[in-house]
Amino acid sequence: MRMHRAATGAAAVLVLAGGGILMGAAGAQAAPTACHTVIRVVPVTVVVPQQVYENGHWVTRYVPVTRYDTISTIVCD
Numbered sequence: 002m003r004m005h006r007a008a009t010g011a012a013a014v015l016v017l018a019g020g021g022i023l024m025g026a027a028g029a030q031a032a033p034t035a036c037h038t039v040i041r042v043v044p045v046t047v048v049v050p051q052q053v054y055e056n057g058h059w060v061t062r063y064v065p066v067t068r069y070d071t072i073s074t075i076v077c078d
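Note that the sequence shown covers residues 2 to 78 in the numbering used here.
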């Protein structure tokens, strides 16, 4: 019985009230006012197997290839 009450109380600890006020067990705190997304494009080098015809037969060579990945992060002030 006590565990059920504790779990219910813990689930309702944080409630976002109107006006950007974050209500918690310790009292009201100001919520972050401005959030924006930072998008970065980073080069990533991967090794890709490639079949090449060499000396009369096919062999597998591993060739480095650079690709570009997009990383997005949410930043709040």
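The beta-carbon is built from N, C-alpha and C at its ideal position, and this holds for glycine as well.
Contact under 8 Å by Cβ, residue i with residue j
i            : j           : result
tyrosine 69  : valine 42   : yes
threonine 74 : valine 39   : yes
valine 64    : cysteine 36 : no
Supposed close pair residue i, residue j - CB separation, criterion 8 Å
i         : j         : result
valine 53 : valine 45 : Not a contact, Cβ separation roughly 23 Å.
Contacting residues, own chain, Cβ-Cβ under 7 Å from residue i (five flanking each side not counted)
i             : result
isoleucine 72 : Arg41, Val43
arginine 62   : Gln51, Val53
N-terminal and C-terminal residue of the beta strand (DSSP E) that residue i is part of
i            : result
threonine 70 : Before going on, a small fix: residue 70 reads as aspartate here, not threonine. Aspartate 70 -> beta strand (DSSP E) spans 58-77.
Proximity test, residue i beta-carbon vs the ligand FAD heavy atom, cut-off 7 Å
i          : result
proline 44 : This structure simply doesn't include the ligand FAD, nor any ligand for that matter.
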